[in-house]
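Those protein sequences? They're chains A and B, same order as listed.
So in my numbering, spot 134 of the first sequence is number 134, and the numbers just go up one at a time.
Here my numbering = 1-based position in the second sequence + 226.
See below for the structure under consideration.
2 protein chains.
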Amino acid sequence: MTKHLRQELDNLKKEIFGIASMVENAINKALLAVVDRRQELADEVIREDDDIDGREVQIEEECLKVLALHQPVAVDLRFIVTVLKVNNDLERMGDLAVNIAERAAFLSAQPQLEATVDLPAMADRVRAMVRDSLDALTNMDTRLAWKVIAMDDEIDDTNRKMFNVFQELMCADRANIERSVQLLSVSRHLERIADLATNISEDVIYMVEGELVRHRTEDLQKKWRA
Amino acid sequence: MTKHLRQELDNLKKEIFGIASMVENAINKALLAVVDRRQELADEVIREDDDIDGREVQIEEECLKVLALHQPVAVDLRFIVTVLKVNNDLERMGDLAVNIAERAAFLSAQPQLEATVDLPAMADRVRAMVRDSLDALTNMDTRLAWKVIAMDDEIDDTNRKMFNVFQELMCADRANIERSVQLLSVSRHLERIADLATNISEDVIYMVEGELVRHRTEDLQKKWRA
């Protein structure tokens, strides 16, 4: 590999960590906005999403440039394709943070819904998954990536339980309906962020081990449940 | 371009149309399962998703092989990156069809919810968007791609209206709550399929015109709404 290509790849790595930390920050703020009912944090997340979008476009253009100029093969090619995909997943996570922030903006103007719903605990777990998937990427740590994949099932279960809890709340008192629908959205957006952290983890494993783990893990899970 | 590369690219094109028609079929069946309450169609969609997953993995491996062996540049490179992205979007559409089918399986076992909700009309529009985005890809038709992008705003509006309609239904009678929550999920999954059709259309424009339209259209929409 030429010294020039090495520099370009190092640069791409820095860029992807840069957008990752912007997205992580957006998710954290959006969740704080919901849990602590802080409208001003929700506004920040919505306002700052343009920066994430701009960064994604820039990284994709950079990847195409490196592909065209250096025509990398083998592990370098795989790295760039992984960056393209992770970049896309991160931008989608940013959009979900905006969706959560929009719910937070609505909810913080309403009286708090008294409930036994443990949304903060779910948020903590999803935040840990995002963190771990990005650490797995930084350190090429497949053990950590597998841990994230294992956690995803748990989050799916929690999301399903949320459905039941909110359904009961709505049945108990129609005054709960509007807020329950909004909080259900938050739970669902969290579940999708967890899915994207799982995608990133699968891409890390693919990059390191050269196997397409996607769907293979789904098959394993299906067998496990059957 | 070598004759061999030309053949590989033609082959990729065929592959992507193949998976596209499988996904379109899954979406159509899932929607029919909801609208006509046909459990057996829902079961088919769920069963056949493994084939779509397998096809996605195969196409991605094919793309990597062509990139490594032929080191294409310019328009050919852009074509392969577009195939990688559209392939990913199509697989996600397939997953959403499964989600809709799972709701259909639940709903078809319940009495029909009498309502003024026009889910079939929304389903028709989303189906048209999927169809048009794939036609835009087949014919490199940017005019059609822009049409899809314009329709996406309409679907977002419809989804927001669905929220209100179902909220009222739930408030009117708590017996409506469970089915309303499920139907709201269908509406939301439809909206996400429309988003993915929009992504594909943006990629088509990018491939033809070499511009990254993503986010640029979002900006235009934001200005329009402001």
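A virtual CB, placed ideally from N, CA and C, is assigned to each residue, including glycine.
Which same chain residues, not among the five before or five after residue i, have their C-beta less than 8 angstroms away from its C-beta?
i, result
"Val-261(B)", "Leu-345, Pro-346 and Ala-349"
"Gln-182(A)", "Arg-103, Phe-106 and Leu-107"
"Lys-387(B)", "none"
Rank the options by C-alpha distance to the C-alpha of residue i and give the top, closest one.
i, options, result
"Val-73(A)", "Arg-160(A), Arg-174(A) and Arg-6(A)", "Arg-6(A)"
"Asn-176(A)", "Ala-150(A), Leu-144(A), Gln-112(A) and Ala-197(A)", "Gln-112(A)"
"Ala-252(B)", "Lys-311(B), Ile-375(B), Arg-273(B) and Val-301(B)", "Arg-273(B)"
"Val-45(A)", "Ala-197(A), Ala-30(A) and Gln-58(A)", "Ala-30(A)"
"Glu-235(A)", "Glu-60(A), Phe-163(A) and Asp-132(A)", "Not covered by the structure: residue 235(A). The range shown for chain A is 1 to 226."
"Arg-405(B)", "Ala-128(A), Leu-184(A) and Gln-167(A)", "Gln-167(A)"
"Asp-236(B)", "Leu-322(B), Ile-426(B), Asp-277(B) and Asp-302(B)", "Asp-302(B)"
"Leu-144(A)", "Glu-24(A), Ala-42(A), Ala-33(A) and Met-129(A)", "Met-129(A)"
How many Å lie between residue i and residue j at the Cα?
i, j, result
"Ala-136(A)", "Trp-146(A)", "9 angstroms"
"Lys-223(A)", "Asp-275(B)", "Note on Lys-223(A): pLDDT 48, under 50, position unreliable in the model; no value is reported."
"Leu-190(A)", "Thr-228(B)", "47 angstroms"
"Asn-325(B)", "Val-412(B)", "8 angstroms"
"Phe-243(B)", "Arg-318(B)", "15 angstroms"
"Gly-280(B)", "Gly-320(B)", "12 angstroms"
"Asp-89(A)", "Met-396(B)", "35 angstroms"
"Ala-20(A)", "Glu-40(A)", "22 angstroms"
"Ile-419(B)", "Val-352(B)", "7 angstroms"
"Glu-288(B)", "Leu-84(A)", "17 angstroms"
"Ile-205(A)", "Asp-399(B)", "49 angstroms"
"Asn-365(B)", "Met-248(B)", "19 angstroms"
"Leu-422(B)", "Leu-69(A)", "30 angstroms"
"Asp-152(A)", "His-230(B)", "42 angstroms"
"Val-148(A)", "Asn-164(A)", "25 angstroms"
"Asn-199(A)", "Thr-82(A)", "11 angstroms"
"Leu-184(A)", "Leu-238(B)", "40 angstroms"
"Ala-33(A)", "Glu-234(B)", "50 angstroms"
"Ile-155(A)", "Arg-78(A)", "29 angstroms"
"Lys-291(B)", "Arg-37(A)", "50 angstroms"
"Gln-297(B)", "Glu-24(A)", "35 angstroms"
"Ala-150(A)", "Asp-51(A)", "32 angstroms"
Could you name the residues of the same chain whose beta carbon sits closer than 6 angstroms to that of residue i, not counting the 5 residues immediately before and after it, in chain order?
i, result
"Gly-436(B)", "none"
"Thr-158(A)", "Met-122"
"Glu-56(A)", "Asn-87 and Glu-91"
"Val-434(B)", "Met-366 and Thr-368"
"Leu-360(B)", "Ala-246"
"Gln-336(B)", "Arg-405"
"Asn-254(B)", "none"
Could you work out which residues of chain B lie near residue i, taking near to mean beta carbons separated by less than 7 angstroms?
i, result
"Ile-177(A)", "Gln-393, Met-396 and Cys-397"
Run down chain A in chain order and give the residues with a C-beta less than 8 angstroms from the C-beta of residue i.
i, result
"Arg-400(B)", "Met-170, Cys-171 and Arg-174"
"Leu-303(B)", "Leu-64, Leu-67 and Ala-68"
"Phe-389(B)", "Val-181"
Starting from the C-beta of residue i, find all residues in its chain whose C-beta is less than 7 angstroms away, skip the five residues before and the five after it, and write them out in chain order.
i, result
"Ala-452(B)", "Confidence is the limiting factor: at Ala-452(B) the pLDDT is only 43, short of 50, which leaves the residue's position unreliable and the question unanswerable from this model."
"Glu-241(B)", "Ile-285 and Glu-288"
"Leu-67(A)", "Ile-80"
"Arg-414(B)", "Asn-385"
"His-322(B)", "In the sequence as presented, His is not what sits at residue 322(B); that position holds Leu. Excluding residues within five positions, the ones whose Cβ falls inside 7 angstroms are His-415, Arg-418 and Ile-419."
"Ala-327(B)", "Ala-256, Ala-259, Ala-268, Val-271 and Ile-272"
Name the chain A residues whose beta carbon is nearer than 7 angstroms to that of residue i?
i, result
"Gln-297(B)", "Gln-71"
Could you tell me which chain B residues have their CB closer than 8 angstroms to the CB of residue i, listed as they occur along the chain?
i, result
"Leu-12(A)", "In chain order: nothing, as chain B lies at least about 15 angstroms away."
At 9 angstroms on the CB atoms, spell out the chain B contacts of residue i, in chain order.
i, result
"Leu-84(A)", "Val-307, Leu-310 and Lys-311"
What residues of chain A sit near residue i, judged by a beta carbon separation below 9 angstroms?
i, result
"Ala-300(B)", "Ala-68"
Hey, would you say the C-beta of residue i is under 6 angstroms away from at least one heavy atom of the ligand ADP?
i, result
"Leu-322(B)", "This structure simply doesn't include the ligand ADP, nor any ligand for that matter."
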